[in-house]
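One line per chain: the protein sequences are A, B, C and D, in this order. The numbers in the working numbering rise by one with no breaks, and the one at position 334 of the first sequence is 334. Just remember that the working numbering sits 337 ahead of the position in the second sequence, which is counted from 1. Just remember that the working numbering sits 674 ahead of the position in the third sequence, which is counted from 1. Just remember that the working numbering sits 1011 ahead of the position in the fourth sequence, which is counted from 1. Note that the Cβ used here is the ideal one computed from N, Cα and C, for glycine as well.
Protein chains: 4
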Amino acid sequence: MVFILNPDVAKEKVDEFVLGWEQKGFSTILSVGTEHTAVCLIGNTAGVDLDHVVETNDIVSYGKRITEQYKVVNRTVHEASTVIRVGDVTIGEGFFTVISGPCSVESNEQILEIAQSVKKSGAKILRGGAFKPRTSPYAFQGKQAEGLEMLRMAKKETGLPIVSEIMNQTQIDLFEDVDIVQVGARNMQNFDLLRAVGGIKKPVLLKRGLANTIEELLMSAEYIVAAGNPQVILCERGIRSFETMTRNTLDLSAVVLLKQKSHLPVIADPSHASGIRSLVPPLAKAILVVGADGLMVETHNNPAQALCDGAQSLDLAQFNTLMEELRERAVLEHKIM
Amino acid sequence: MVFILNPDVAKEKVDEFVLGWEQKGFSTILSVGTEHTAVCLIGNTAGVDLDHVVETNDIVSYGKRITEQYKVVNRTVHEASTVIRVGDVTIGEGFFTVISGPCSVESNEQILEIAQSVKKSGAKILRGGAFKPRTSPYAFQGKQAEGLEMLRMAKKETGLPIVSEIMNQTQIDLFEDVDIVQVGARNMQNFDLLRAVGGIKKPVLLKRGLANTIEELLMSAEYIVAAGNPQVILCERGIRSFETMTRNTLDLSAVVLLKQKSHLPVIADPSHASGIRSLVPPLAKAILVVGADGLMVETHNNPAQALCDGAQSLDLAQFNTLMEELRERAVLEHKIM
Amino acid sequence: MVFILNPDVAKEKVDEFVLGWEQKGFSTILSVGTEHTAVCLIGNTAGVDLDHVVETNDIVSYGKRITEQYKVVNRTVHEASTVIRVGDVTIGEGFFTVISGPCSVESNEQILEIAQSVKKSGAKILRGGAFKPRTSPYAFQGKQAEGLEMLRMAKKETGLPIVSEIMNQTQIDLFEDVDIVQVGARNMQNFDLLRAVGGIKKPVLLKRGLANTIEELLMSAEYIVAAGNPQVILCERGIRSFETMTRNTLDLSAVVLLKQKSHLPVIADPSHASGIRSLVPPLAKAILVVGADGLMVETHNNPAQALCDGAQSLDLAQFNTLMEELRERAVLEHKIM
Amino acid sequence: MVFILNPDVAKEKVDEFVLGWEQKGFSTILSVGTEHTAVCLIGNTAGVDLDHVVETNDIVSYGKRITEQYKVVNRTVHEASTVIRVGDVTIGEGFFTVISGPCSVESNEQILEIAQSVKKSGAKILRGGAFKPRTSPYAFQGKQAEGLEMLRMAKKETGLPIVSEIMNQTQIDLFEDVDIVQVGARNMQNFDLLRAVGGIKKPVLLKRGLANTIEELLMSAEYIVAAGNPQVILCERGIRSFETMTRNTLDLSAVVLLKQKSHLPVIADPSHASGIRSLVPPLAKAILVVGADGLMVETHNNPAQALCDGAQSLDLAQFNTLMEELRERAVLEHKIM
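This is the structure:
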């Protein structure tokens, strides 16, 4: 159950309202949105008379029951889409924000060359893996802390905010200068990590697990928001199916449904979804036109020599061409790039 | 192995060349494409000296080994895309041909109203199910032969070519006036039906089975073309995955890969892929921008009362709006609608 | 809704009862089971007062609502399991009937040698493919009508009943001497074929489609039984999943659930389920202990030279060993082999 | 590449041999098995002349190339199966070890009653969840540290070793008194956790992820063993498929293949695999006969009131009956229970 509050209610009135519910045994989550503040009740609300609450509390504009298991991330709580700001960059409704960079940070020269190039092409955020989850213990595991240092340098040189994947909750301090913390697909249901990034004050990019449903992704986002961090960006990156010609199967219906069911920003990753370079540009355009709020795409200055995922990385010229194609199309979608 | 012939070779020269191979125990398929004629050898070609064949046969321009199991539908055989004509309508590279109509033909009034409306909105081909494959024996099974009669009437009134699904090879005569014969997803590996439609002189719309790989779809197309009918249109319509929020999972990578690997036209069906009306327009736009040659979309004059699949059908106004959106976008994709 | 009739009701009384329902607009299916006769009503039974019907019709013992979509195959209609007899052979509760033979009939010598050997080892029914559904049009398609002739000969020589796969409804006459007609996985939703085998007077072995749910399998069985043929044997043969190390994923829960939800006999096929010879014996034992009524297993006198599926076929000695292991275990499961 | 050493080689000889390889740039893993000690080389061994190494090193009995990505867990390294001992309990070839207990530890009374009962029925190890990974942040998350305390008490009272799930690497100290540390399905590719449990001196029960392949499971085991802990027990617990009638699809082929490809013990969990109580006993028997080394099954003294997964838990009498059925069958499988 959610109660939408009137605008400009005094803080002590809100606290009093919240306290009343907690004394009745409910948990509450206060959710400040673009247009209004909402109070979500967690617990068995079957016995609550919604109309009575609205009538007897003059700070409450209206209330609604939420039938889904996800509450605070539910579109019912905030009809207006959540918009997230990272420095000068905006992620959310009305924008199409492109995040780009290498699968793995390899050296200062590599990350700087890529950062400068993708910035020039129009990318707004730099991605780069420092800690790499790899199926084999013998595969390259990323440059680790040193990789984060290289990213920081590239950020300083180019002004691009940076996003990188966190592997576990003990690393949170390491990510102090990282602007957006990424929770990878394999960690989508690492609930302790979700709770931990729910305690930080910066955006979290949450990737869908390769065999997780849309509802499970929303429940994982709920973990983060319920823990106190409303800045969650959802990311579709392909699911595991029986098809073997592609690495995964990009589920674009998920992008549309996530936007319908939640107020959170939704982006997609065509690189991991396909695993094949030549599929990335057409899928990227598809991601734009279905209504995603952005794109995460892997680029490399020398894909043939990349230490990780070279086969799915665009080179810098290909990325530049893709960005031109996206800009032409973004106008029709009323998206600012 | 395929041999690309020089232009304007005399028929008897070709026959002689083909006969030579058949005498050596190979099967051959003569494939006439947009730009050239090709001779495919089927059999164990490990011992064939490709260069020697080219040097000693002056009708042969060049030859190539085909490593894939699919031969005549392989892009290697015809670099230029196959373009199919149905009356005035073109399906293939450079075009974006929209097929629309109800899941099921219900009455003369229904099909005529829909046909006139979708024609006005820009659809080029009318679809309508007469024989309906239904999971339950107690569900509406379609108007059957009478439904084909209604379609024929709508074709006569509007001039739109018609496409309808065939259920088995004994029905081929019934489909005499149907312009494009559809083989449904459940029949994609009904090999006797594939051979049968390989013997007719009209285009076949072949839908991907709900658990079939891209390669298996190409092998099923190979059945039809190898049986003598080169006019096959491939159709992606969503695959079965673990996700339950949508009816199926639309696999847009498949559209791109099918276009890369085969010279046949490729379209997609967002209605069956999602099963949800509100997902159809965004997915339709995505189908356009990934490079499909067309779209098959369900429309109904009264979706709430439809005898079949109402929840995924657009009403006529929604379809008209979608067509406007598609036309705006088709220009950028260099597609004629 | 189903009405269980009292024992020994006069035929005219039953006809009268049935006629009454049909006059009210319901379809009815009369189902004669091992313990009683039942009348299933098909149609909207929401307005039918079940108690009233029982009270006012003295031929009715009791009635039940059936909430599932499958009606006549539902365990609710017949608590006692359906038992099917083919000559001297019994398939159903209390028995564990082994069907064995080659993927494909290749020659008189081959099929006879295999038939004699598997009979000696304890197989009760001979399988052999005459018409083979193959992904590639260039692969061996079976010996066709000639293959059926060879099977007939082996049946005559050994006395073993035979089972073989039908590809489409035009072949029904060809299968006159085949004791059990198999509908393959790819044809599980070939509804015209289901209706056709619903019109014959012999058992049908219905294999689960590789991406079909348990409920869909039961609905396909319902097609056959509703068309008049109550002798359906369900067969689990592995489903398509993301795992690539095996050909399919054997779903043993399906065997248990099918036995719970339906009164029809249920068998399983470990050969197609795994595609790997060394997995067949352990899976066969698992099929026995979960409660299946039988097993279909591929054997070949010379697997290395088999024209089809050699890698998953047991040789005759391996089959003999497996049968010994199964017999030892069948006692504990109270199954007659 | 692996080198199998002769028996009774002096430690300094082995160290010298290992050092030689490390000086050439290879990583090495020393693996002490039931029958022999092996040295695995990790790195590009294409240039290593295997025969030459065997001839020139008299401590080496023979060597083999390992083509699979998993090395130390590979059956090639140890033909003899790894057998793990926990107190008096043995897990591995020749045994069928049953682990039982509640999904979640709820109280001292509950865990003690269950522990005493399952011990009496023949279970050898007690399971109980203290930290519960739950899809919803609002669902019961387990009794946490207090739950571990209750387990410890039950262990003390009954003498049963205990197994419980760890959620992240910061909890390792908390698990000091836990005999077997379980890594859950959602954490199968939490590589930092795998490395962490690779550093402890007790057995790790590694569950297959719900969308992970057999090969990926072996690679995750490789992480643990390569990090220094050879005591890994693999657990199949059902994979995610399109079927919705069961919670997951139990993959028994995986059990057989894991035993073939690795020397590690393999068990299975029919409770999570099916999610339905009535399926647990038949699946448990199937797990025995395919050759698993044990079983993990959920039991509860009052399933209807269980705080977690009640629908799939056996009550104590049902478990006792199952154990009797398993004991009867274990004799034929030459398994000690």
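{"Asked": "Continuous alpha helix (DSSP H) stretch holding arginine 801 of chain C: start and end", "Found": "From DSSP, arginine 801 of chain C is part of no alpha helix (DSSP H) but of the beta strand (DSSP E) over 799-801."}
{"Asked": "The region 561-592 of chain B: positions lying closer than 7 angstroms to chain A by Cβ", "Found": "Ile576, Ser578, Phe579, Glu580, Thr581, Met582, Thr583, Thr586, Leu587, Asp588, Leu589, Ser590"}
{"Asked": "Leucine 693 of chain C burial status per 10 Å Cβ neighbour count (16 or more: buried)", "Found": "exposed"}
{"Asked": "Status (buried if at least 16 other CB within 10 Å, exposed otherwise) for valine 118 of chain A", "Found": "buried"}
{"Asked": "Contacting residues, own chain, Cβ-Cβ under 8 angstroms from serine 1285 of chain D (five flanking each side not counted)", "Found": "Gly1249, Thr1257, Arg1258, Asn1259, Leu1261, Val1291, Leu1294, Gln1323"}
{"Asked": "Residues, ordered as in the chain, of the region 1283-1294 of chain D that lie near chain E by beta-carbon distance below 8 angstroms", "Found": "In summary, chain E is missing from the structure at hand, where the protein chains are A, B, C and D."}
{"Asked": "Short CB-CB distance (under 7 angstroms) between aspartate 1203 of chain D and chain A", "Found": "yes"}
{"Asked": "Min CB distance leucine 333 of chain B to chain C below 7 angstroms", "Found": "Absent from the structure is residue 333 of chain B, since the part of chain B shown begins at 338 and ends at 674."}
{"Asked": "Selection of the region 31-51 of chain A by Cβ proximity to chain D, strictly under 9 angstroms", "Found": "Ile42, Gly43"}
{"Asked": "Chain B within 7 angstroms of leucine 205 of chain A, Cβ atoms only", "Found": "no"}
{"Asked": "Touch test, the region 417-434 of chain B against the region 589-605 of chain B, Cβ-Cβ under 8 angstroms, three pairs minimum", "Found": "yes"}
{"Asked": "Pairwise C-alpha distance: arginine 127 of chain A and glycine 310 of chain A", "Found": "15 angstroms"}
{"Asked": "Among C:Gln843, C:Asn861, C:Glu889, nearest to isoleucine 874 of chain C - alpha-carbon criterion", "Found": "C:Gln843"}
{"Asked": "Reference glycine 496 of chain B, options B:Ala383, B:Asp345, B:Asp425, closest by Cα", "Found": "B:Asp425"}
{"Asked": "The region 1187-1204 of chain D contacting the region 178-194 of chain A, beta-carbon criterion three pairs below 8 angstroms", "Found": "yes"}
{"Asked": "Where the alpha helix (DSSP H) containing arginine 826 of chain C begins and where it ends", "Found": "818-832"}
{"Asked": "Coarse secondary structure for isoleucine 233 of chain A, derived from DSSP in three states", "Found": "strand"}
{"Asked": "Residues bridged to asparagine 190 of chain A (per DSSP)", "Found": "Asparagine 190 of chain A is not bridged to any residue."}
{"Asked": "Contacts that asparagine 168 of chain A makes with chain D (C-beta to C-beta distance below 7 angstroms)", "Found": "Asn1179, Gln1180, Asp1203"}
{"Asked": "Rounded Cβ spacing between isoleucine 678 of chain C and histidine 710 of chain C (contact assumed at less than 8 angstroms)", "Found": "5 angstroms"}
{"Asked": "Three or more C-beta pairs below 8 angstroms linking the region 660-674 of chain B and the region 622-629 of chain B", "Found": "yes"}
{"Asked": "Bounding residues of the beta strand (DSSP E) (the contiguous stretch that carries tyrosine 399 of chain B)", "Found": "397-401"}
{"Asked": "Threonine 472 of chain B at chain A interface by Cβ criterion, 7 angstroms", "Found": "no"}
{"Asked": "Neighbour flag for threonine 730 of chain C against chain D, beta carbons, 7 angstroms", "Found": "no"}
{"Asked": "Residue-chain proximity (tyrosine 475 of chain B, chain C), Cβ-Cβ < 7 angstroms", "Found": "yes"}
{"Asked": "Minimum Cβ-Cβ distance from glutamine 144 of chain A to chain D less than 7 angstroms", "Found": "no"}
{"Asked": "Beta carbon proximity, arginine 632 of chain C to chain B, threshold 7 angstroms", "Found": "This structure does not reach residue 632 of chain C, given that chain C is present from 675 up to 1011, and the question cannot be answered."}
{"Asked": "Between the CA atoms of serine 107 of chain A and alanine 317 of chain A - distance to the nearest angstrom", "Found": "20 angstroms"}
{"Asked": "Straight-line Cα distance separating glutamate 910 of chain C from serine 1231 of chain D", "Found": "31 angstroms"}
{"Asked": "Backbone secondary structure at asparagine 343 of chain B - three-state DSSP", "Found": "coil"}
{"Asked": "Opening and closing residue of the alpha helix (DSSP H) in which arginine 1001 of chain C lies", "Found": "990-1004"}
{"Asked": "Cβ-heavy atom distance, valine 1059 of chain D to the ligand FMN, below 6 angstroms", "Found": "Among the ligands in the structure shown, none appear at all, so the ligand FMN cannot be discussed."}
{"Asked": "Min CB distance isoleucine 551 of chain B to chain A below 7 angstroms", "Found": "yes"}
{"Asked": "Exposure of glutamine 299 of chain A, with buried meaning 16 or more beta-carbon neighbours within 10 Å", "Found": "Checking the displayed sequence, the identity of residue 299 of chain A turns out to be threonine instead of glutamine. Buried, because 16 or more other Cβ atoms sit within 10 Å of the Cβ of threonine 299 of chain A."}
{"Asked": "Coarse secondary structure for leucine 938 of chain C, derived from DSSP in three states", "Found": "coil"}
{"Asked": "Proximal residues of chain A, C-beta to C-beta of glutamine 597 of chain B below 8 angstroms", "Found": "Ser278"}
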